[in-house]
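Worksheet for the structure shown next.
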Amino acid sequence: MSLTALDRQIRPIYDALDTGSNKSAIVTCNKLLKKQPKNTLVKALKSLALVRSQKVEESLALCDEVLATKPTDDAILTAMMHVLRGLGRNNDMVAMFEDAFKQQPNNEELGCQTVFANIRALRWKTAQQLSQKLFRTFSDERYLYWSVMCSVLQAHDPTTPENMKPILFKLAAKLLEQSPNPSFVSADRFHLHISVLKETADWEAANKLLDTDIGRVICDTNLSCNELRREIIRAQGKLREEGATAEVRIGEKGDRNWFEFVSLLDGTFAEPESEDAQERVTKTRTFLESIKEKDGKADRSAHLAALELEKRAREHKLGNESLVPQLKAYFEAFGTKAVCYEDLKPYVTVLTPEEATEWQAFLQPITESFTNGNELQRTINAHKLLRHTSNPTVDSELASVQTFTKQYREGLQFGDHLPTTELQPADDLAILAGQTFVSLWTMTGEQKHLYSAAAFLEYALTKSNQAFEMRLMLVRIYRLIAAPALALEQYRAMGAKNVQQDTLSHFILSRASLFSLAPVGDVTMMAECMESMQIYLSNANETSEFITRAFNAEKYSQIPEFIAFEERLETSVQKDLVKMEHLRMRLTHETISNDVTDMELIELQFGSEKPPHDNRDYDILVNYQPASSKSFLEQTTLFGKVESCGWLNIFLKMYIRALQMASDLDETVEDKLLVGDRPKVATDAEGRKANREKLLERTDEELAELTDDERALVDFVKELSDWAEPHHDYTRPPPAVVLAEAAKVSEQRTGHPLRGIEIPPLPANGSANGNWKKDEEQPPVKDAPELVLNFFDGQRKRFEEAIKQQSPLEAIAVANLTAEAFLFTVILSMRFKNNSIVKIHKLGAFVQSFKTIRANAIALLKDISAALIARAEQEGTSEARKAFVEDCALVTAASVDHDFVLNVGKKVTDSRKKILEGVGKGIQKLSTTYVQF
Numbered sequence: 008m009s010l011t012a013l014d015r016q017i018r019p020i021y022d023a024l025d026t027g028s029n030k031s032a033i034v035t036c037n038k039l040l041k042k043q044p045k046n047t048l049v050k051a052l053k054s055l056a057l058v059r060s061q062k063v064e065e066s067l068a069l070c071d072e073v074l075a076t077k078p079t080d081d082a083i084l085t086a087m088m089h090v091l092r093g094l095g096r097n098n099d100m101v102a103m104f105e106d107a108f109k110q111q112p113n114n115e116e117l118g119c120q121t122v123f124a125n126i127r128a129l130r131w132k133t134a135q136q137l138s139q140k141l142f143r144t145f146s147d148e149r150y151l152y153w154s155v156m157c158s159v160l161q162a163h164d165p166t167t168p169e170n171m172k173p174i175l176f177k178l179a180a181k182l183l184e185q186s187p188n189p190s191f192v193s194a195d196r197f198h199l200h201i202s203v204l205k206e207t208a209d210w211e212a213a214n215k216l217l218d219t220d221i222g223r224v225i226c227d228t229n230l231s232c233n234e235l236r237r238e239i240i241r242a243q244g245k246l247r248e249e250g251a252t253a254e255v256r257i258g259e260k261g262d263r264n265w266f267e268f269v270s271l272l273d274g275t276f277a278e279p280e281s282e283d284a285q286e287r288v289t290k291t292r293t294f295l296e297s298i299k300e301k302d303g304k305a306d307r308s309a310h311l312a313a314l315e316l317e318k319r320a321r322e323h324k325l326g327n328e329s330l331v332p333q334l335k336a337y338f339e340a341f342g343t344k345a346v347c348y349e350d351l352k353p354y355v356t357v358l359t360p361e362e363a364t365e366w367q368a369f370l371q372p373i374t375e376s377f378t379n380g381n382e383l384q385r386t387i388n389a390h391k392l393l394r395h396t397s398n399p400t401v402d403s404e405l406a407s408v409q410t411f412t413k414q415y416r417e418g419l420q421f422g423d424h425l426p427t428t429e430l431q432p433a434d435d436l437a438i439l440a441g442q443t444f445v446s447l448w449t450m451t452g453e454q455k456h457l458y459s460a461a462a463f464l465e466y467a468l469t470k471s472n473q474a475f476e477m478r479l480m481l482v483r484i485y486r487l488i489a490a491p492a493l494a495l496e497q498y499r500a501m502g503a504k505n506v507q508q509d510t511l512s513h514f515i516l517s518r519a520s521l522f523s524l525a526p527v528g529d530v531t532m533m534a535e536c537m538e539s540m541q542i543y544l545s546n547a548n549e550t551s552e553f554i555t556r557a558f559n560a561e562k563y564s565q566i567p568e569f570i571a572f573e574e575r576l577e578t579s580v581q582k583d584l585v586k587m588e589h590l591r592m593r594l595t596h597e598t599i600s601n602d603v604t605d606m607e608l609i610e611l612q613f614g615s616e617k618p619p620h621d622n623r624d625y626d627i628l629v630n631y632q633p634a635s636s637k638s639f640l641e642q643t644t645l646f647g648k649v650e651s652c653g654w655l656n657i658f659l660k661m662y663i664r665a666l667q668m669a670s671d672l673d674e675t676v677e678d679k680l681l682v683g684d685r686p687k688v689a690t691d692a693e694g695r696k697a698n699r700e701k702l703l704e705r706t707d708e709e710l711a712e713l714t715d716d717e718r719a720l721v722d723f724v725k726e727l728s729d730w731a732e733p734h735h736d737y738t739r740p741p742p743a744v745v746l747a748e749a750a751k752v753s754e755q756r757t758g759h760p761l762r763g764i765e766i767p768p769l770p771a772n773g774s775a776n777g778n779w780k781k782d783e784e785q786p787p788v789k790d791a792p793e794l795v796l797n798f799f800d801g802q803r804k805r806f807e808e809a810i811k812q813q814s815p816l817e818a819i820a821v822a823n824l825t826a827e828a829f830l831f832t833v834i835l836s837m838r839f840k841n842n843s844i845v846k847i848h849k850l851g852a853f854v855q856s857f858k859t860i861r862a863n864a865i866a867l868l869k870d871i872s873a874a875l876i877a878r879a880e881q882e883g884t885s886e887a888r889k890a891f892v893e894d895c896a897l898v899t900a901a902s903v904d905h906d907f908v909l910n911v912g913k914k915v916t917d918s919r920k921k922i923l924e925g926v927g928k929g930i931q932k933l934s935t936t937y938v939q940f
């Protein structure tokens with residue numbers, strides 16, 4: 008068949024794959040394979056379509072057939088690259104390209120693709136060697152720089168031994184000496200060169216390179232290179248020389264980069280105990296005054312540098328001048344800018360009591376009135392600065408909130424002319440009011456202040472729809488008052504996208520299972536978890552492509568940033584927290600079965616072994632609370648506890664241990680059945696023992712991140728697991744039995760035997776029909792621990808206390824944790840539902856104890872359900888809405904329409920009714936679903 012005819016037949020397959028019509032692609036492939044059963048390209052494309060259709064087992068056989076042919080055709084290699092990436096088989100992808108390149112060593116494009124395959128798999132050593140080979144073969148200088156870059160990346164890799172890192176940097180330096188042209192032909196090559204010299208501490212060569220005319224030009228025009236130049240100068244201890252250089256750049260060249268001012272100040276205070284230290288401070292002060300005079304209000308860098316100079320002089324005892332004149336001058340010049348508060352905040356906190364009094368006396372009159380937009384901004388900045396240094400009381404906060412709400416209403420006139428997409432100039436006054444209401448709540452414990460904060464911020468959003476700070480505040484407040492639907496509405500209105508799903512999703516998904524209605528079929532919160540996980544999937548698929556493109560375009564300064572970005576997302580704490588919350592919700596939504604427990608166990612066990620990175624952005628939540636009190640973030644954290652690595656480790660170990668007991672999979676079986684490259688897990692006896700010991704570890708630091716109710720759950724599950732574990736271990740079938748059953752099921756489903764599986768011989772006392780018996784002695788049946796027997800009685804008392812509180816938040820939390828404890832009893836008793844196991848191993852007394860525990864739990868869950876549903880009815884009444892409006896008296900007093908506040912009250916009470924009713928009915932459903940043992 009001619010190439011044109013073949014292309015005509017294959018083109019529809021590509022079109023179907025491009026449009027996501029995978030089923031159509033499979034049908035077309037099958038038609039072609041009937042005519043051309045040995046067409047490797049069609050097999051590769053069919054395998055790709057199967058992978059994208061989630062038919063992994065069917066694609067494996069085709070995939071292995073194609074790999075066995077050791078393809079070299081570009082179209083086949085490209086298709087197989089996508090197949091293997093979809094299967095997570097990066098090692099096989101590398102081997103495929105390496106085999107192809109060995110067959111065609113003079114194919115330059117194939118050589119590049121082999122390098123890129125190793126780069127995608129982070130195999131820096133092999134990529135470096137291949138790049139060096141390409142350089143020797145094709146004499147293209149970029150391959151030499153690829154080799155250098157790979158050596159540097161290998162040295163920075165956390166898995167590289169410390170004693171190897173200096174050797175790798177020296178290797179990179181030696182490779183650079185082979186370059187036929189100087190590195191300054193491009194800024195990125197120059198950046199790579201001086202970064203290598205920095206790592207090898209070859210200061211002489213680095214200085215020589217930086218002092219060339221072209222080197223200076225590159226540093227003047229390239230921020231990355233200039234930053235690296237500063238680091239090299241600092242590493243040599245030449246702070247004074249760099250300070251002098253910065254002075255020239257600022258004074259003669261007009262450079263206003265803040266880093267130049269930092270270098271100037273660092274040089275001034277480089278040797279604070281030297282004899283000329285005071286003289287240098289005076290000289291710098293004079294210089295900065297001249298720049299301030301020259302710049303006026305056009306640039307604030309010199310003004311900030313002058314403040315920083317006086318602060319540092321005070322710290323080093325080289326000056327005793329008052330900071331207040333500088334603060335006043337700065338405020339007069341830049342008080343109309345929104346950034347004024349953040350600029351001055353570090354300096355007002357170091358004022359002496361006398362200076363603070365003088366500073367407050369200066370600001371106080373400014374807060375009293377305004378007549379135009381600029382004066383409004385000055386008033387706002389003055390309020391923020393005064394509040395930062397205040398020591399509030401209930402009375403002072405009540406007075407402040409009345410001032411903020413009143414001035415906000417007055418300030419709206421200066422934004423009347425703005426389009427709806429713009430922010431109102433008075434927005435910060437609404438934020439100040441909202442945070443003051445929250446401050447009042449922390450002082451008094453009265454929920455009415457949280458209601459007032461919500462109502463006033465909702466009103467402000469009608470004037471400034473794009474004010475994301477207000478939306479974030481409302482997310483926090485609505486979660487505190489148990490109105491999660493409104494919190495989710497505000498979060499979605501922000502439109503978080505891409506990497507923001509990693510940095511911001513914690514605002515809505517922290518302890519999200521608390522507000523899940525999954526048991527009654529409402530999977531909204533589960534869907535939000537899945538949505539936030541998309542960034543991690545795209546990171547796994549796309550970031551490696553960005554890295555290879557950067558290599559191809561020789562953007563060497565960007566490559567470490569891409570790799571750091573990829574690693575931070577791969578090891579994200581938030582990713583694992585969301586997975587855990589999703590698991591907790593899933594177990595309430597789906598009937599717990601062996602398939603569910605096996606799948607979740609595998610997902611939890613194969614996490615990243617690299618150190619975790621916490622990418623969660625907390626700074627985006629503005630804080631205008633006084634320095635003497637907790638921040639707004641701390642005040643609005645659910646139960647005062649932030650989920651982090653400690654919380655995650657405790658819950659991971661708790662769930663992994665329970666799921667391991669419920670599952671027939673052990674490390675040996677998992678290693679044989681799983682598809683794709685997975686982290687190495689110990690399969691030897693000592694390694695398994697170490698893994699088990701890790702599951703039992705609990706540090707005080709980890710436990711400190713739990714609430715008291717979560718701690719009670721963890722203690723219960725530990726005691727329950729300790730009691731049940733010996734019987735699970737003894738009654739679990741051996742690997743040979745499990746693998747034989749898995750192979751049988753797989754072949755029935757796909758028509759193909761399991762790929763590469765060698766089933767170990769059955770135990771000497773076993774048989775092919777699954778009957779077996781262990782040689783070791785059966786563990787004795789013991790009475791259930793007291794903590795386990797009494798746990799649900801304790802939960803009953805705890806819930807009765809919580810349901811009486813004004814806020815239903817704690818009652819919801821206790822109810823959900825009680826239901827979670829019940830689900831652990833379900834998971835840990837699944838194996839013993841099989842009557843034959845109970846009879847063979849004489850576990851009747853053990854099972855009876857489990858039945859008693861579960862019966863107590865079910866009785867409690869029914870009572871909790873009834874109480875929550877009754878509380879929900881109270882929330883949904885007109886009296887509840889009326890009480891909400893009455894609690895918002897300070898808001899209506901600020902001329903906010905009564906009907907508007909009533910509408911907010913209706914939304915809040917409806918949301919609370921929905922969550923209470925949903926949790927109540929969900930718990931009721933769980934108790935009936937698992938009523939039978």
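Residue numbers (my numbering): 8 to 940. Ideal Cβ positions, reconstructed from N, Cα and C, are used throughout, including at glycine.
Give the range of the alpha helix (DSSP H) segment to which Asp707 is assigned. It spans Asp707 to Leu710 - the alpha helix (DSSP H) in which Asp707 sits, taken as one unbroken run.
Looking at the strands, I want to know which residues DSSP matches up with Asp529. Note: Asp529 sits in a beta bridge opposite Leu524.
Do the segment 805-823 and the segment 831-841 touch if we need at least three Cβ pairs shorter than 8 Å? no
Classify His163 as helix, strand or coil using the three-state DSSP reduction. helix
Suppose you measure from the CA of Val192 to the CA of Glu116; what does that come to, to the nearest Å? Their backbone Cα atoms lie some 24 Å apart in a straight line.
For Ser670, the three-state DSSP class (helix, strand or coil): Secondary structure at Ser670: coil, using DSSP grouped into helix, strand and coil.
So Lys391 is in the alpha helix (DSSP H); what residue range does that whole segment cover? Gly380 to His395
Going by other Cβ atoms of all chains shown within 10 Å of its Cβ, with 16 needed for buried, is Lys299 buried or exposed? buried
Extent of the continuous alpha helix (DSSP H) to which Ser54 belongs: Thr47 to Arg59
Whether Gln185 touches Cys157 by CB criterion (9 Å): no
In three-state terms, what does DSSP make of Ser651? coil
Tell me the DSSP secondary structure of His735 in three-state form. Reduced to three states, the DSSP call for His735 is helix.
Every unbroken alpha helix (DSSP H) within the segment 128-181, with a cutoff of 4 residues, ordered by chain: Correct list: 131-145 and 148-163.
Going by DSSP, what residues sit across from His620 in a beta bridge? Ser579
On the CB-based measure, 16 or more other CB atoms within 10 Å of its CB, does His198 come out buried or exposed? buried
Can you give me the C-alpha to C-alpha distance between Leu495 and Ile484, rounded to a whole angstrom? 12 Å
Report the three-state DSSP secondary structure of His456 (helix, strand or coil). helix
Option nearest Gly244 by Cα separation, candidates Leu137, Ala462, Trp210 and Thr916: Trp210
So, do the segment 101-116 and the segment 523-538 have three or more beta carbon pairs nearer to each other than 8 Å? no
Would you say Ser651 and Glu597 are within 9 Å of each other, going by their C-beta atoms? No, they are not a contact pair.
Reduced DSSP secondary structure (H/G/I, E/B, other) of Arg15: helix
By Cβ distance, which residues of its chain are closer than 7 Å to Tyr354, with the 5 residues on each side in sequence left out? Leu314, Lys318, Leu330 and Leu334
Which of the three DSSP states, helix, strand or coil, is assigned to Ala689? Reliability of the predicted coordinates at Ala689 is poor, the pLDDT of 44 falling under 50, and no value is obtained from them.
For Cys226, name the three-state secondary structure that DSSP assigns. helix
Proximity winner among Pro786, Thr714 and Glu700, relative to Asp736 (alpha-carbon distances): Pro786
Just checking my contact of Gln183 with Val155 at CB under 8 Å: how many whole Å lie between their CB atoms? Gln is not the amino acid found at residue 183; the sequence shown has Leu there. The pair is a contact, with the Cβ atoms about 6 Å apart (cut-off 8 Å).
With distances taken from CA atoms, which of Tyr337, Phe639 and Leu436 is nearest Leu479? Phe639
How many Å lie between Glu588 and Gln939 at the Cα? 27 Å
State the DSSP-derived secondary structure class of Asp106, mapped to helix, strand or coil. helix
Which residue wins for smallest C-alpha separation from Met171, given the options Val58, Lys132, Trp153 and Asp147? Lys132
Close beta carbons around Thr714, own chain, < 6 Å, minus the five adjacent residues each side: Phe646 and Lys648
What does a CB cutoff of less than 7 Å around Cys36 pick up in its chain, not counting 5 residues either side in sequence? Ile20, Val49, Leu52, Lys53 and Ala56
Could you check if Lys617 belongs to the surroundings of the ligand SAM, using beta carbon to heavy atom distance under 8 Å? This structure lacks the ligand SAM, and indeed carries no ligand of any kind.
How many angstroms separate the CA atom of Asp691 from the CA atom of Asp99? Any answer about Asp691 is weak, because its pLDDT of 47 lies below 50 and its placement is not dependable; what the coordinates show is given next. Approximately 25 Å between the Cα atoms of the pair.
Specify the secondary structure class of Leu511 as computed by DSSP and reduced to three states. coil
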